[in-house]
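If you read the protein sequences in the order shown, they are chains A and B. Under our numbering, the residues of the first sequence are numbered 2 to 159, in order. Under our numbering, the residues of the second sequence are numbered 6 to 108, in order. A virtual CB, placed ideally from N, CA and C, is assigned to each residue, including glycine. These figures come from a predicted structure and were not determined experimentally. Below is one structure; the comments refer to it alone.
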Amino acid sequence: MGQAINRERRKALKTGCGLGLLGIFAAIGLGRSGAAWAERNVRAFEAKTMDEALDALGAIIPENNAAIQITAPETAENGAFVPITITSDLPRTEEIFILVDKNPTMLVAHFNLPEGTEGAITTRIKMGQTASIIALVKTGGKFYRASREVKVVLGGCS
Amino acid sequence: MGSPIKIRASVKEGYTEVRILMQHEMETGRRKGESGNLVPAKYITEVKVRHNDRIVLDCQFGTGVSKDPYLVFRFKGGKQGEKISVYWADNKGDNRLEEAVIG
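See the structure below:
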């Protein structure tokens, strides 16, 4: 059992997650405006290298905002299922993005919230290793962020 | 055609809370199968939730969403007996549409 876990863990670590915060913000294409409703930002979902990420940069760095909260366990035993809730008390939260700074592809999910839908989403995500979860919230054309570190015992990247 | 979606929707203090459990392997394309070859990526890319015919949640997923994706959210309004529908599509052209009523 212990051996199996170690093998899994090595494998997860070997997948070589990582890019860093700069890349994350670039990957989402914050510089672009007028993206159509619900259009998939393929580039953001596929961004893996720093070059690619830097290429997309040209953007506002989102401000930290205490109105955004990330609820997640301090330590996740299994990185394949990390329960998280993102809550935004910002008025009229239009979009929520969930990112993990050390996953092979950092953008996990993008939620469009029509008028009347609360700025709160609960889901489960994969984390390859101990990393920061970053929540971005878009409202009134601006991005705000919050982040939270989660320690991962068994990586769930693959 | 994908596996059934479990949907629970209930009215709470002027809101409808929706809980969704989709059955999907969410393969990243980075996992090796028994043969030692990489298992091709197969994951949900898009989820749309409607209340009657109005979209109340519109999601784009990457490979980082866990196997059997689970979602909880709330929207204003909604009454018992009204319709909630959930649609997903994956990167391989598979999809599923499921309906439930608010309880």
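From the options, pick the residue whose C-alpha is nearest to that of residue i; which is it?
i: ASN65(A); options: VAL153(A), LYS152(A) and LYS139(A); result: LYS139(A)
i: PRO115(A); options: PRO74(B), LEU62(B) and ASP95(B); result: LEU62(B)
i: ILE10(B); options: SER40(B), THR68(B), LEU26(B) and GLN65(B); result: LEU26(B)
i: GLY142(A); options: ILE69(A), GLU95(A), THR123(A) and ALA136(A); result: GLU95(A)
i: ARG93(A); options: ARG44(A), ALA68(A) and THR86(A); result: ALA68(A)
i: THR106(A); options: PRO74(B), HIS29(B), VAL77(B) and GLY67(B); result: GLY67(B)
i: SER133(A); options: ILE85(A), VAL43(A) and LYS103(A); result: LYS103(A)
i: ASN96(B); options: ARG149(A), LEU155(A) and VAL43(A); result: VAL43(A)
i: PHE144(A); options: GLY157(A), THR118(A) and SER89(A); result: SER89(A)
i: THR118(A); options: TRP93(B), THR21(B), ILE107(B) and PRO74(B); result: THR21(B)
i: ASP73(B); options: VAL83(A), ALA45(A) and PRO74(A); result: VAL83(A)
i: PHE46(A); options: ARG36(B), VAL77(B) and GLY69(B); result: GLY69(B)
i: PHE112(A); options: ILE89(B), HIS29(B), ARG79(B) and VAL106(B); result: ARG79(B)
Would residue i be called buried (16 or more neighbouring beta carbons within 10 Å of its own) or exposed?
i: ASN57(B); result: exposed
i: ASN100(B); result: exposed
i: SER71(B); result: buried
i: SER8(B); result: exposed
i: SER40(B); result: exposed
i: LYS127(A); result: buried
i: VAL23(B); result: buried
Within 8 angstroms (strictly less), CB to CB, does residue i reach chain A?
i: PRO9(B); result: no
i: ILE60(B); result: yes
i: ASP63(B); result: yes
i: TYR92(B); result: no
i: PRO45(B); result: no
i: LYS88(B); result: no
i: VAL77(B); result: yes
i: VAL70(B); result: yes
i: ARG35(B); result: yes
Quick one, are the C-beta atoms of residue i and residue j less than 8 angstroms apart?
i: ALA46(B); j: GLY34(B); result: yes
i: VAL153(A); j: GLN130(A); result: yes
i: MET31(B); j: ILE60(B); result: no
i: VAL16(B); j: GLY83(B); result: yes
i: ARG125(A); j: ILE135(A); result: no
i: VAL151(A); j: ALA77(A); result: yes
i: GLY120(A); j: LEU100(A); result: no
i: VAL44(B); j: VAL91(B); result: no
i: ILE97(A); j: ILE71(A); result: no
Got a sec: is the Cβ-Cβ distance from residue i to anything in chain B below 8 angstroms?
i: LYS152(A); result: no
i: LYS127(A); result: yes
i: ALA46(A); result: A quick correction: the sequence has Phe, not Ala, at residue 46(A). Chain B, which has a Cβ nearer than 8 angstroms to the Cβ of PHE46(A), makes this yes.
i: GLY156(A); result: no
i: THR124(A); result: yes
i: ASP52(A); result: Here ASP52(A) scores only 43 on pLDDT, less than 50, and its place in the model should not be relied on; the value that follows carries that caveat. No, because no Cβ of chain B sits closer than 8 angstroms to the Cβ of ASP52(A).
i: GLY35(A); result: Confidence is the limiting factor: at GLY35(A) the pLDDT is only 36, short of 50, which leaves the residue's position unreliable, though a coordinate-based value still follows. Taking Cβ atoms only, chain B never reaches closer than 8 angstroms to GLY35(A), which makes this a no.
i: VAL138(A); result: no
i: THR106(A); result: yes
i: GLY141(A); result: no
i: PRO115(A); result: yes
i: ALA60(A); result: Caution applies to ALA60(A), whose pLDDT of 37 falls short of 50 and renders its modelled position unreliable; the value that the coordinates give is listed next. Output row for ALA60(A): interface = no.
i: THR118(A); result: yes
i: ARG146(A); result: no
i: ALA121(A); result: yes
i: ALA110(A); result: yes
i: ALA77(A); result: no
i: ARG41(A); result: yes
i: ALA73(A); result: no
i: ARG149(A); result: no
i: ALA132(A); result: no
For the alpha helix (DSSP H) that residue i lies in, which residues bound it at each end?
i: PHE82(A); result: Per DSSP, PHE82(A) belongs to no alpha helix (DSSP H) and is neither H nor E.
i: GLU47(A); result: 43 to 47
Using a Cβ-based criterion (distance less than 7 angstroms to any ligand heavy atom), does residue i qualify as near the ligand ZN?
i: ARG35(B); result: Looking for the ligand ZN in the displayed structure turns up nothing, as the structure carries no ligands at all.
At least one CB of chain E closer than 8 angstroms to the CB of residue i: is that the case?
i: GLY98(B); result: Looking for chain E here will not work: the only protein chains present are A and B.
With residue i as the anchor, note down where its beta strand (DSSP E) starts and where it stops.
i: THR124(A); result: 121 to 126
i: ASN113(A); result: 108 to 113
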